[in-house]
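Asker: Residue numbers in the sequence shown follow our numbering, run continuously in steps of one, and reach 309 at the last position.
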Amino acid sequence: MTCGKNVNIRKARPEDAENILSLLKIMGGETENLTFGAAGIPLSVQQEAEYLEGLADSKTDLYLVAEADGELCGTACYSQMKRRRMSHRGEISIALRKSVWGCHVGTRLMERLLDFAENECRAEIVSLEVRSDNARAIALYKKFGFETIGTFPGFMKIDGKSVDCDIMCLRTGVYG
Numbered sequence: 134m135t136c137g138k139n140v141n142i143r144k145a146r147p148e149d150a151e152n153i154l155s156l157l158k159i160m161g162g163e164t165e166n167l168t169f170g171a172a173g174i175p176l177s178v179q180q181e182a183e184y185l186e187g188l189a190d191s192k193t194d195l196y197l198v199a200e201a202d203g204e205l206c207g208t209a210c211y212s213q214m215k216r217r218r219m220s221h222r223g224e225i226s227i228a229l230r231k232s233v234w235g236c237h238v239g240t241r242l243m244e245r246l247l248d249f250a251e252n253e254c255r256a257e258i259v260s261l262e263v264r265s266d267n268a269r270a271i272a273l274y275k276k277f278g279f280e281t282i283g284t285f286p287g288f289m290k291i292d293g294k295s296v297d298c299d300i301m302c303l304r305t306g307v308y309g
């Protein structure tokens, strides 16, 4: 897989469903930094395609894929809170194949997510959860101005072992 600028970042489409589900299994098997393992997520191709179809024209949610040499190598999501009193906030997630770690793909995905959050959704606060020991991801988030606001002890349990996650947030330049 090509590293760096030859990676194409685009909105996920319903026809990507099968490849996304396969990618999630690969990524889940490569790292324990995700909320799922090698089994991926429990959705059928049809369910994933329907989900992506529902996002096609969304003004509040964005699902991106990173593609290198015709293969998917990462995903990124932004989701605005739906309840009125919380609609000034959104959450993000990024997951990458190990083969593109350190290739600035995460940076490019983050740039696109934050652009959408600020300019389309007018989000004032963007948050995320990250394993407390995931130094690489935490460094990426800090580069964009995210700050740790707390730690959630036992956020995940992997093979019977509790794993802490940091809650990070970014106050954007958008203030309503």
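We put the beta carbon where it would ideally sit given N, CA and C, even for glycine.
(1) Is the separation between the beta-carbon of T208 and that of A250 shorter than 8 Å?
(2) So for K192, helix, strand or coil by DSSP?
(3) For A201, does the three-state DSSP call read helix, strand or coil?
(4) How many Å lie between S295 and F288 at the Cα?
(5) Pairs of beta-carbons, one from the stretch 192-204 and one from the stretch 264-275, closer than 8 Å: are there three or more?
(6) Does any heavy atom of the ligand SAH sit closer than 7 Å to the C-beta of V259?
(7) Check whether the stretch 182-199 touches the stretch 136-155, counting contact only when three or more Cβ pairs, one atom from each stretch, lie closer than 8 Å.
(8) Who does C298 pair with in a DSSP beta bridge?
(9) Can you tell me whether A172 is buried or exposed, with buried defined as 16 or more other CB within 10 angstroms of its CB?
(10) Taking Cβ to Cβ, would you say A167 is nearer than 8 Å to E224?
(11) Quick one: what does DSSP say S177 is sitting in, helix, strand or coil?
(12) How close, in whole Å, do the beta carbons of G239 and I227 come, if the pair is a contact with beta carbons under 8 Å?
(13) CB-CB under 8 Å to C254, same chain, minus the five flanking residues each way: which ones, in chain order?
Answerer: On the basis of the supplied data:
(1) Translated into positions along the sequence shown, residue 208 becomes position 75. Translated into positions along the sequence shown, residue 250 becomes position 117. Taking the C-beta atoms as reference points, A250 is found no nearer than 8 Å to T208.
(2) Within the sequence shown, the letter at position 59 stands for residue 192. The answer is coil: DSSP assigns K192 none of H, G, I, E or B.
(3) Here the question's residue 201 lines up with position 68 in the sequence shown. Strand.
(4) Taking the sequence shown and counting its residues from 1, the one referred to as residue 295 is at position 162. Taking the sequence shown and counting its residues from 1, the one referred to as residue 288 is at position 155. Straight-line Cα distance between these residues: approximately 7 Å.
(5) no
(6) In the structure shown, the ligand SAH is absent, as is every other ligand, since no ligand is present at all.
(7) yes
(8) As a first step, residue 298 must be located in the sequence shown, where it is residue number 165. BP columns for C298 point to R264, F285.
(9) In the sequence shown, residue 172 corresponds to position 39, counting from 1. Looking at its Cβ environment, which holds fewer than 16 other Cβ atoms inside 10 Å, A172 is exposed.
(10) In the sequence shown, the residue the question calls residue 167 occupies position 34. In the sequence shown, the residue the question calls residue 224 occupies position 91. For the sequence presented, residue 167 should be read as Leu rather than Ala. No, the Cβ-Cβ distance between L167 and E224 is not below 8 Å.
(11) By 1-based counting over the sequence shown, the position of residue 177 is 44. If DSSP states are grouped into helix, strand and coil, S177 belongs with coil.
(12) For the purposes of this step, residue 239 is taken as the residue at position 106 of the sequence shown. For the purposes of this step, residue 227 is taken as the residue at position 94 of the sequence shown. Confirmed, Cβ separation roughly 6 Å.
(13) If you number the sequence shown from 1, residue 254 lands on position 121. Hits under 8 Å: K192, T193, Y211, Q213, G223.
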